[in-house]
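Chains as they are written, first to last, in the working numbering: chain A, 1 to 257; chain B, 1 to 257.
Backbone N, C-alpha and C fix where the C-beta goes; we use that ideal spot for every residue, glycine too.
2 protein chains.
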Amino acid sequence: MKKIGKQTIKFDCPPSISEVASIVGPKESKGPLAKYFDECLDDEFWGEKSWEKSESKIIKETVNMAISKSGFSSNSIEYCFAGDLLNQCISSSFGLRGLNIPFLGIFGACSTFVEGLSLSAIMTESCAEHTLCAASSHFCSAEKQFRFPLELGNQRPPTSQWTVTGAGAAVISKSGNGPYITHITTGKIVDMGIKDANNMGAAMAPAALDTLICHLKDTGRNPNYYDAIITGDLGYVGKDILTELAQKERIQYKICL
Amino acid sequence: MKKIGKQTIKFDCPPSISEVASIVGPKESKGPLAKYFDECLDDEFWGEKSWEKSESKIIKETVNMAISKSGFSSNSIEYCFAGDLLNQCISSSFGLRGLNIPFLGIFGACSTFVEGLSLSAIMTESCAEHTLCAASSHFCSAEKQFRFPLELGNQRPPTSQWTVTGAGAAVISKSGNGPYITHITTGKIVDMGIKDANNMGAAMAPAALDTLICHLKDTGRNPNYYDAIITGDLGYVGKDILTELAQKERIQYKICL
């Protein structure tokens, strides 16, 4: 791999996403992406006594499913990168403690899964045959931790988003039939001073744009190059902010978003 | 770099630790390592209104000091790996938000700094000239979060340890005069069921030994090879457990600890 531009890595031998798995909660099961998930749960508890235990179970089962679907033995997975939103990343560390794979905890909030994909890809191209990455979140445990316990029945402001209940996992391999991870552009912290825990989209939009612009500059590509440009969920408000900011930057960078 | 054995990476061109910096609190300033720290603080607040803000300031100033001592411009540092013990890694993300360096958050609790060193070294050998890693903790913020707020004046049990108030940072470079990072052995989660938040040494000792034994097996080395074998602080209780467990394993692995 080599660096191109300021923040982007280009892989010489792009690692392959061998297999993925996802398990999601009831709300996600009713959404437009439902058919793409491996398992849709009927309730937020999944037979556990707390939301945190449920989240741990979700990430554990998702990871087991990804490994199982890949057809590789878990012994052949050399590293696991995982994280979540809860304090001390308890979902992933408790959920994956039985995995017996060298473990590196990560915390990137909404970017955790992509951080995991990035580090897995780097590790795979550098020295491993197969690596694993995973991330989880849970609507109920996230509300309790970041906002108000659901039992309070607080009214939610119009800018509030709905944290996903679910987990995703991917097995990354040195060789395979793709899809491939060809480039990684690692973002910087961009803090525009948003302090409203119910307006995460506004908090994240400037960083999303900064990373996007950097990626386009580093690769010399135009947004038209892509079939889809996907960010973490910015919500309606954050997406509007991203679009507005992008239009301002357009003049400077001559990109078309 | 290449994998040797099960969990160990050996670097072909070992990255160099170009510079380090550390700032510590009042208790650490009175300890036997005091003369090695760059700055010793007189109080836990360092002019801030909360312990969390103080911790953020400590990691920020430590990182600035490491970069400044290294003589490299911060623009030449390509990646920053950092984390801490607080929820959502707030010390490092708030402390380092002004850094303007691509940022990857990590969470490994007591292993955070070594996880940062590992990932920085991998990134440096793979594709970067200079990377940075940092970690912080703060006795007062950690007690508040993991045990009891200090104001309660709770009695501390004999097994309780004293979380460091301080931060460490290191600049890792592709070339330099060392010390070099030659190998990395990444540990697995080893959970023997210790549930006492005041007995962290007992919780960590089995994982420390597991990683140590794996490193010795992978490298084919004997503990005598090393001038020092250093773990995260296991405390008196955890150290005794490690020694006892090691003696049991001795027969099987023929190592001498």
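Check	Outcome
Assigned exposure category for Pro15/A - 16 Cβ within 10 Å defines buried	buried
Any C-beta of chain A under 9 Å from that of Leu245/B	no
Cβ-Cβ distance between Ala135/B and Ala66/B below 9 Å	no
Where Gly168/A sits in the DSSP three-state scheme	strand
Residue of Cys133/B, Ser173/B, Leu152/B minimising C-alpha distance to Ala167/B	Cys133/B
Beta-carbon proximity of Gln7/B to Thr231/B, cut-off 9 Å	no
Three-state secondary structure (DSSP) of Ala134/B	strand
Among Asp43/B, Val164/B, Val114/B, Ile23/B, the one whose alpha carbon lies nearest that of Tyr36/B	Ile23/B
Cβ distance (whole Å) where His183/A is taken to contact Ile9/A below 8 Å	7 Å
C-alpha gap between Val237/A and Pro158/A, whole angstroms	9 Å
Selected residue, minimal CA-CA separation from Glu39/A, among Lys49/A, Trp51/A, Phe94/A, Asn64/A	Asn64/A
Residue from Lys195/A, Leu117/A, Lys60/A with nearest C-alpha to Ser267/A	The displayed coordinates of chain A run from 1 to 257. Any statement about residue 267/A would go beyond what the structure contains.
Rounded distance between the beta-carbons of Leu117/B and Ile58/B, thought under 8 Å	Rounded, the Cβ-Cβ distance is 19 Å, inconsistent with contact.
Nearest neighbour of Ala228/A, chosen from Asp240/A, Lys27/A, Leu212/A, Ile241/A [CA to CA]	Leu212/A
Outcome for Met327/A when other beta-carbon atoms lying within 10 angstroms are tallied against a minimum of 16	This structure cannot speak to residue 327/A, because chain A is shown only from 1 to 257.
Cβ of Cys89/A within 9 Å of any chain B Cβ	yes
Residue range of the alpha helix (DSSP H) that includes Phe37/B	Unbroken run through Phe37/B: none, as it is neither H nor E.
DSSP three-state assignment for Thr219/A, whether helix, strand or coil	helix
Beta-bridge pairing of Ala128/B - partner residues as DSSP gives them	For Ala128/B, which the question treats as bridged, DSSP gives no partner whatsoever.
Closer than 8 Å at the beta carbon, the chain B residues around Asp196/A	Under the 8 Å cutoff, chain B gives no residues; its nearest Cβ is about 16 Å from Asp196/A.
For Val190/B, three-class secondary structure by DSSP	coil
Against chain A: residues of the segment 93–112 of chain B by CB proximity under 9 Å	Ser93, Phe94, Leu96, Arg97, Gly98, Leu99, Asn100, Ile101, Pro102, Phe103, Leu104, Gly105, Ile106, Phe107, Gly108, Ala109, Ser111, Thr112
Between the CA atoms of Asp84/B and Met204/A - distance to the nearest angstrom	21 Å
Contacting positions in the segment 173–192 of chain A - beta carbon closer than 9 Å to chain B	Thr185, Thr186, Gly187, Lys188, Ile189, Val190, Asp191
Integer-rounded CB distance, given that Ser173/B should sit under 8 Å from Thr124/B	7 Å
Proximity of Phe148/B and Lys27/B at Cβ, strictly below 9 Å	no
CB contact flag (Ala82/B, Leu104/B, <9 Å)	yes
Per-residue DSSP class, three states only, for Tyr79/B	strand
Nonlocal neighbours in the same chain, by C-beta distance under 6 Å from Ala121/B, ignoring five residues either side	Pro15, Ile172, Ile181
Simplified DSSP state of Lys195/A, which is helix, strand or coil	coil
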